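One structure below.
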Amino acid sequence: MKTTFIGGGVMGEAIIRGILANGSTMPRDIIASDISPERLSSLKQGYGIETSHNNRHAVETSDVVILAVKPQTLKAIAEELRGGLQPHQLVLSIIAGATIATITNSLGHSAVVRAMPNTPAQIGEGMTVWTASSEVSQSQKEAAQSILVALGKEVYVPDEKYIDMATAVSGSGPAYIFLVMEALIDVAVDIGLPREMAEELVLHTVLGAARLAQQTAKCPKELRENVTSPGGTTEKGLLQLEEGDLRVLLAQAVIAAYEKAKELGS
Ligand SMILES: NC(=O)c1ccc[n+]([C@@H]2O[C@H](COP(=O)([O-])OP(=O)(O)OC[C@H]3O[C@@H](n4cnc5c(N)ncnc54)[C@H](OP(=O)(O)O)[C@@H]3O)[C@@H](O)[C@H]2O)c1
């Protein structure tokens with residue numbers, strides 16, 4: 021399966037790295053097209069793939085065309101690609117906020133997959149939610165899945181409305197967790213721990229909690245109750261979080277991000 025990348029930046033490279041590492045694609049079947057000659061030379065040297073600085077030329081023989089450029093670049097690349105895509109080709113976009121209707125209309129092409137990965141995708145630990153236009157065939161969906169799995173876990177949704185919801189939860193989610201980590205590290209330093217040690221404790225606490233939740237398959241509520249002895253330290257700490265309305269704050273954050281995601285796509 022020949023795959024072209026329009027945009028070989030952080031995410032484009034993460035997908036290239038992933039599909040080469042899992043053996044689903046050979047270097048000779050990948051073309052990366054990017055505006056930056058330095059990016060192209062780094063990708064060519066790093067992965068032995070073909071490169072191009074001409075987007076239109078790069079998509080000519082591809083089965084799948086991956087759009088991995090910033091949202092503000094979509095208009096420019098659509099102008100270049102318009103009329104240059106064949107009906108049998110699949111367009112897979114990871115451009116945040118660009119709806120299937122926007123991509124279809126701007127490219128004049130109807131077989132489109134829209135995916136929303138998150139930043140851990142850069143290390144193959146991402147959470148990607150994706151959907152497809154009705155013109156995408158079953159075999160094209162399988163092709164899209166085999167590409168997206170290279171970024172970590174992937175979930176197909178039958179309705180595009182879930183992409184905006186996922187954007188607010190898993191798309192923006194790593195930043196919520198980073199903020200919590202930042203605050204925990206700062207207070208750990210305030211109470212007297214050396215910063216380096218505070219960073220290590222917080223990082224491994226978050227990692228361990230996530231892995232425990234994953235491996236025991238217990239719900240977070242049960243895991244929280246298991247570590248909360250009556251009259252103990254955890255109970256004292258949790259009481260402060262509940263009294264400070266952490267749940268309400270998180271709800272407001274996710275709803276605000278969801279409203280913004282819908283606004284970007286409208
Ligand atoms: N990073 C994430 O974790 C993440 C998560 C979810 C979704 N996304 C989405 O993924 C997309 C790509 O993000 P990214 O972080 O990979 O961005 P990025 O690192 O900036 O990569 C985009 C690449 O496209 C190049 N480019 C600019 N104009 C071009 C053109 N006309 N033709 C071909 N290439 C062009 C850029 O070159 P220059 O740098 O020289 O402009 C850059 O190398 C974005 O739409 C973003 O919303 C990213």
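Residue numbers for the sequence shown follow our numbering, so the first one is 21 and each next one is one higher. For glycine and all other residues, C-beta sits at the position ideal for the given N, C-alpha and C. All values reported here derive from a predicted model rather than from experimental measurement.
Inter-residue Cα distance where the pair is Ala8 and Gly68: No answer is possible for residue 8: the residues shown for the chain start at 21 and end at 286.
Arg48 classed as buried or exposed, judged by whether at least 16 other C-beta atoms fall within 10 angstroms: Here the question's residue 48 lines up with position 28 in the sequence shown. Exposed is the call here.
Met136, enclosing beta strand (DSSP E) - first and last residue: Start at 1 with the first residue of the sequence shown, and residue 136 comes out as number 116. Taken as a continuous stretch (DSSP letters only), the beta strand (DSSP E) holding Met136 covers Val132 to Met136.
Interface flag, Gln160 vs chain C, CB-CB below 9 Å: No chain C appears in this structure, which consists of one protein chain only.
Beta-carbon proximity list for Lys90, same chain, < 6 Å, skipping 5 on both sides: By 1-based counting over the sequence shown, the position of residue 90 is 70. Only residues of its own chain outside the window of five on either side were considered, and among them none has a CB closer than 6 Å to the CB of Lys90.
Span of the alpha helix (DSSP H), counted from its first residue to its last, around Leu63: Mapped onto the sequence shown, residue 63 falls at position 43. Segment Pro57 to Tyr67, the alpha helix (DSSP H) holding Leu63.
Within 9 Å, strictly: CB atoms of Leu87 and Ile36: For this step, residue 87 is matched to residue 67 along the sequence shown. For this step, residue 36 is matched to residue 16 along the sequence shown. Not a contact, by the Cβ cut-off of 9 Å.
Own chain, CB closer than 8 Å to Asn42, minus 5 neighbours either side, in chain order: Start at 1 with the first residue of the sequence shown, and residue 42 comes out as number 22. A distance below 8 Å between beta-carbons, with the five flanking residues on each side excluded, links Asn42 to the following residues of its chain, in chain order: Val169 and Ala170.
First and last residue of the uninterrupted beta strand (DSSP E) at Glu174: By 1-based counting over the sequence shown, the position of residue 174 is 154. Counting along the chain, the beta strand (DSSP E) containing Glu174 begins and ends at Gly172 to Tyr176.
Close Cβ partners of Val177 (< 8 Å) along its chain, the five nearest in sequence each way excluded: The residue labelled residue 177 in the question sits at position 157 within the sequence shown. Cβ within range, chain order: Val149, Trp150, Thr151, Ile183 and Ala186.
First through last residue of the alpha helix (DSSP H) which encompasses Leu270: On the sequence shown, residue 270 is found 250 positions in, with the first residue counted as 1. Element bounds for Leu270: Leu266 to Gly285.
Glu80 beta carbon near ligand 1 (any heavy atom closer than 8 Å): By one-based count along the sequence shown, residue 80 stands at place 60. No heavy atom of ligand 1 is found nearer than 8 Å to the CB of Glu80.
C-beta contact flag for Ile333 and Leu94 at 9 Å: In this structure the chain extends from 21 to 286, so residue 333 is not present and cannot be described.
Residue environment, Met46, which counts as buried when at least 16 other CB atoms sit within 10 Å: For this step, residue 46 is matched to residue 26 along the sequence shown. By the 10 Å Cβ count, Met46 comes out exposed.
Closer than 8 Å: Thr214 CB and nearest ligand 1 heavy atom: Translated into positions along the sequence shown, residue 214 becomes position 194. Going by the sequence as given, residue 214 is Pro instead of Thr. Flag unset: Cβ of Pro214 not near ligand 1.
DSSP state of Glu180 mapped onto helix, strand, coil: Reading the sequence shown from its first residue, position 160 is the one you call residue 180. In this structure, Glu180 counts as coil in the three-state DSSP scheme.
Ranges of the alpha helix (DSSP H) found wholly within the region 81–137, counting only runs of at least 4: Listed in chain order, they are 94–101 and 120–127.
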